Ligand SMILES: Cc1ncc(C[n+]2csc(CCOP(=O)(O)OP(=O)(O)O)c2C)c(N)n1
Ligand SMILES: Cc1ncc(C[n+]2csc(CCOP(=O)(O)OP(=O)(O)O)c2C)c(N)n1
Ligand SMILES: [Mg+2]
Ligand SMILES: [Mg+2]
């Protein structure tokens, strides 16, 4: 059994070993938490020159990473919450995303920025934002959001190898997810994975929502509903070809964009793409499930109906397929990824 | 005749006069340029306590504006380019947008942030970005984008009066646009305006694209094509009711999102909204025109095909209506709003 | 410079005792998993807030960061609403929406605390500008940690404070750590934060919390300086947190802090030092009754919550925008 | 401290003369509306770049801000590609995509200039870290204006430079203005930028461009300090731009600058001061030939462009991402 957080650690270890110019830095990389255990042993193996703690200076550190990257030191920068990275939008958007373009292709910026999205245990308004649609909007950035240990492993290695800036977003609730063993097959940035097949419906997920639907697959299948499950993996570039192929078959779409606010979201972008495609004719209007257009509250009580629940998903699938699913009673607490989790982050 | 920039000036003057707690600040407000002439005479009338220059500290100044606003000094903050405001995303998103929410409604943040979008005369990658879709994505913000002197006047007054943070985005090329006289009729934030009526097509525009289509209206009408022209004015909240009403009639949609990159754009959001609405059945797949997913180049030569041209618009309308329009030969330079314009900003 | 009076010292003592009792109760009760939000306790650092709370005026504002319980409480923030907030109840000071990291009590001029490092600094500066404009009495106390010094916005804010000569007092609690990371990994060795700030042209002070009485007098000096000079001021106070960065436990088993330092600070606990000092000055000084009754008061609040923790329904939508 | 030699001074003179000639030509030709991009000219400030260009080493890197023509040229940046860049041609140093505000010449170790205030500072710091890691010779010169001091990222960068002891030399050209706004509206009165930086623990220097020879020697001193101490350094140079902030014209009709100041700086033009000094040292010193041939060279470049300004087609898409 290998956990997501360990696969990240393995991918970092592998990358540091195979490229001795690779640099990793961020708050917490060398502290006892070892960045949610994802940077374990790296300091010991590669030394403080290559793996280092930083001052709490998100904006400058991003620029410093760009400076390293354009002088042939690819790097991985890490933020324990995406929210903190908002301080560095100038460096990200005005420099990292544009450097290769604005000097006519002279220098690219091989920087990978790991961002963690928080959820539950009262993360609240300033510790739970997920802004993948912001990053996807910006020309020059790539956006990768893995779902399982194997694809996290492969995609982190690819992101680090990529000569361009890659925003690599990990949902905190994935860190404890495990697979039997890691499949080291290379996944190209821009390729989705098809996690199940079926003719009734296409379900598009990414990051945590992939797990959300996987946890429901059995019960849905039992009710005689079979669906193509597309796990995007890469938000930008997006694997439109695979989405289209599936929709030509199922003509029925649910996007589980459950960690995002709705407006100008990745879900909306996908619906816009398929709606402008003359080849695609759906049986139902396309559907997407997102958070409401409201910031995250802290309270256990008020997050309950805020997050998308198993019931919400089941209800939507019943509606789209016009079939009944035996409603499940969900006894899990909605604000922890597993019963052991006690926060705080 | 009154110009857009003068209507902004009038609205600021009116607001400063009618609320003696209102504060205005930003780089250039009191310098000889008077912020593209939009802050003319304000210093003289209201004094340096209420209208002041600031250090080049976008992030702190935004926080300072929030501090003023929560203590009953509504304010208007201004940035000569939206691009510079990227430095202040922490203050905008983590504080301004959430303050009212995260303290359970205790204090709202009446701040209006004027952002200017650049175009042409080699503004290039770092002086021409328009990120309305970013702002629309964030719960707690409102986003207003006027098109003409009258609506700029009314909407700026409304934005300033609004108890919430409003991002008020002005396209630089609108500043010299004029109307015979200013119509002071109040426009509610969230209401679009219908600038023409017709059954063949619905054209949705905002900001500069409103002018782009207005300049073509005669020639299009002459070819026997009549369209509902919806000028959004407010990007968030969006006037979905009016959009829907028009589409139920025309069943044909062109969104002119010509100052935005395409992915997760306002255009995509509108298409997502209407595509998820069972009541709306279009004759054609909905269409939108945006910039490519590429940053803005500087060169006169390479911006030519980068921006959406009159021809691009005409071609798309012909396709959607299946009618011919006498192609116009456009002799205007594509990188200036009018022949007098010589940059630099 | 007049020394802080006995009666004020007594109040400071009571204030810090209250904070300690509350925080220790939270630490104990947290393990019941009813306060489900990240919680940064102030145990070991209470005296700073307690002193500023007593020595400042009602009309002064406070604004604070993630470790803000002490600041909220020392300003007189509503205790019941505070505990309810940690429990996510609609009766909390932020209706349960903000949690431990986002506290507010406007009646007491506690203007808010928020959790992104340094993010509340410019807001405090804006509040000070609003005071200057309205010629309102009082200053704004901006509480920050030692990591705040690393964020650019701190320096932008400093520049503006001096440029406009705003009524601000920065209180920097330097506990040497940002989460698990010592200053030496984040700031140049030998830096004195207060001297750095002084070089911006802002009057700056330093105090060590283990010299408790001296520290209280220094805080008083800062406040007088600000009052009489009408100039901004800064004070750095060296202190130490006892528990883990975030959460209810001790974490010194992780060995990220020097043992000598740990034992120095626990031996020089400011609340006890002040207590001993008060007893020395007045043999009859006895806080037992005060303490017992406050403990009872606090326990009752928790007990009530546990007896009936069905929260009221609220409609989140109503809080996103204020209605015009 | 050895004084800068006659031959170096001569080179500095030639370097600044070149820059002036180029910038004046741009100012003249700009009015033909063929250079269609915002253009911040360095006329009046050339000597700083010219000196650093001559006194630094090939292996040193430069990184700069919006007013970067002089820095690019003084580092030996390709002149033809520079002029082509301003004309938006694909033969420009940034293929016409960057324009005046985004210059680069990697062959000469000019690593780039960009137009958001202070945005290039941390990138220069990252370059310096890369030099330290690879034990590569040389330092990174980070050019900044006086407004850069107002952006928080400058201080974040300073902190990191000192923390890691990076090979950086900051060159701050303090021309008293940010666009039309004088320092006094943006920074506290009496502030000395170099002293502020010194208080961060970074060796800092000051020079006044009107004392030209002294300034050149001070720049030399900074470079020697950096070389021998292996420590970061900072120099503030007081100077003045002649033309408007952005564009080809004089704008002193707008009266935003003090007349005394204007006449002081034009009377104390550094290029002329250096010229006179050289003539004094060596009566035979004559730059006429050099000047004439350079003017010819420059004019030829412009003429060629105007004879054939059909630019090559490029596919913008190919520049957004680098292919793996
Ligand atoms: C911008 C930002 N970066 C990182 C964090 C994560 N973080 C939370 S608290 C903290 C430590 C702050 O240390 P300090 O200011 O010294 O306060 P202390 O916790 O010691 O009281 C950090 C880094 C954050 N909240 N915001
Ligand atoms: C972040 C940011 N804010 C504002 C601007 C607008 N701007 C362009 S140049 C400039 C002045 C900078 O002054 P200084 O650093 O002194 O350089 P100088 O122009 O005097 O050489 C300003 C404010 C910008 N480019 N970036
Ligand atoms: Mg600390
Ligand atoms: Mg300047």
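Chains as they are written, first to last, in the numbering used here: chain P, 2 to 346; chain E, 2 to 346; chain H, 227 to 550; chain A, 227 to 550. Even for Gly, the Cβ is constructed at its ideal location relative to N, Cα and C. Only a predicted model underlies this, so the values are computations on that prediction, with no experimental measurement involved.
Sort the options by Cα distance to residue i and report the nearest one.
| i | options | result |
| --- | --- | --- |
| residue 212 of chain E | E/36, E/289, E/122 and E/257 | E/257 |
| residue 242 of chain H | H/253, H/297 and H/231 | H/297 |
| residue 330 of chain P | P/149, P/311 and P/185 | P/311 |
| residue 233 of chain E | E/130, E/111, E/202 and E/243 | E/243 |
| residue 341 of chain H | H/463, H/293 and H/387 | H/293 |
| residue 543 of chain H | P/246, P/296, P/150 and P/106 | P/296 |
| residue 495 of chain H | H/468, H/477, H/475 and H/518 | H/468 |
| residue 511 of chain A | A/229, A/228, A/334 and A/239 | A/239 |
| residue 273 of chain H | H/286, H/433 and H/428 | H/433 |
Measure how close the beta-carbons of residue i and residue j come, nearest whole angstrom, since I'm counting them as under 8 Å.
| i | j | result |
| --- | --- | --- |
| residue 236 of chain E | residue 144 of chain E | 4 Å |
| residue 66 of chain E | residue 78 of chain E | 5 Å |
| residue 265 of chain A | residue 312 of chain A | 7 Å |
| residue 253 of chain P | residue 201 of chain P | 7 Å |
| residue 396 of chain A | residue 370 of chain A | 6 Å |
| residue 116 of chain E | residue 91 of chain P | Actually they are not in contact, since the Cβ atoms of residue 116 of chain E and residue 91 of chain P sit about 14 Å apart, beyond 8 Å. |
With 16 as the cutoff for other CB atoms within 10 Å, does residue i come out buried or exposed?
| i | result |
| --- | --- |
| residue 33 of chain E | exposed |
| residue 340 of chain E | exposed |
| residue 103 of chain P | buried |
| residue 69 of chain P | buried |
| residue 416 of chain H | exposed |
| residue 325 of chain E | exposed |
| residue 321 of chain H | buried |
| residue 515 of chain A | exposed |
| residue 45 of chain E | exposed |
I'd like to confirm something about residue i: is its beta-carbon nearer than 7 Å to some heavy atom of ligand 4, or not?
| i | result |
| --- | --- |
| residue 371 of chain A | yes |
Counting only Cβ pairs nearer than 9 Å, list the residues of chain E close to residue i.
| i | result |
| --- | --- |
| residue 314 of chain A | 123, 298, 299, 300, 301, 302, 303 and 304 |
| residue 294 of chain H | Under the 9 Å cutoff, chain E gives no residues; its nearest Cβ is about 13 Å from residue 294 of chain H. |
Between residue i and ligand 1, is the CB less than 7 Å from at least one heavy atom?
| i | result |
| --- | --- |
| residue 85 of chain P | yes |
| residue 341 of chain H | yes |
| residue 297 of chain H | no |
| residue 408 of chain H | no |
List the residues of chain H whose Cβ lies closer than 8 Å to the Cβ of residue i, in chain order.
| i | result |
| --- | --- |
| residue 376 of chain A | 382 and 385 |
Along chain A, which residues have their Cβ under 7 Å away from the Cβ of residue i?
| i | result |
| --- | --- |
| residue 103 of chain P | 320, 323, 324 and 328 |
Closer than 7 Å to a non-hydrogen atom of ligand 3 - does that hold for the CB of residue i?
| i | result |
| --- | --- |
| residue 403 of chain H | yes |
Tell me whether residue i counts as near ligand 2, meaning its Cβ is closer than 7 Å to at least one heavy atom of that ligand.
| i | result |
| --- | --- |
| residue 293 of chain A | yes |
| residue 57 of chain E | yes |
| residue 462 of chain A | no |
| residue 101 of chain E | no |
| residue 81 of chain E | yes |
In chain A, which residues lie with their C-beta within 8 Å of the C-beta of residue i?
| i | result |
| --- | --- |
| residue 109 of chain P | 547 and 548 |
| residue 54 of chain E | 407, 411 and 412 |
At a CB-CB cut-off below 7 Å, which residues of chain P make contact with residue i?
| i | result |
| --- | --- |
| residue 90 of chain E | 87 and 90 |
Taking residue i as the query, report the chain H residues whose CB atoms sit under 9 Å from its CB, ordered along the chain.
| i | result |
| --- | --- |
| residue 413 of chain A | 385, 388 and 389 |
| residue 426 of chain A | 414, 417, 422 and 425 |
Just to make sure I have the definition right: I need the residues of chain E whose C-beta is within less than 7 Å of the C-beta of residue i. Which are they?
| i | result |
| --- | --- |
| residue 352 of chain H | 64, 65, 66, 67, 68 and 69 |
| residue 349 of chain H | 64, 67, 68 and 96 |
Whose Cβ in chain E lies nearer than 8 Å to the Cβ of residue i?
| i | result |
| --- | --- |
| residue 265 of chain A | 345 |
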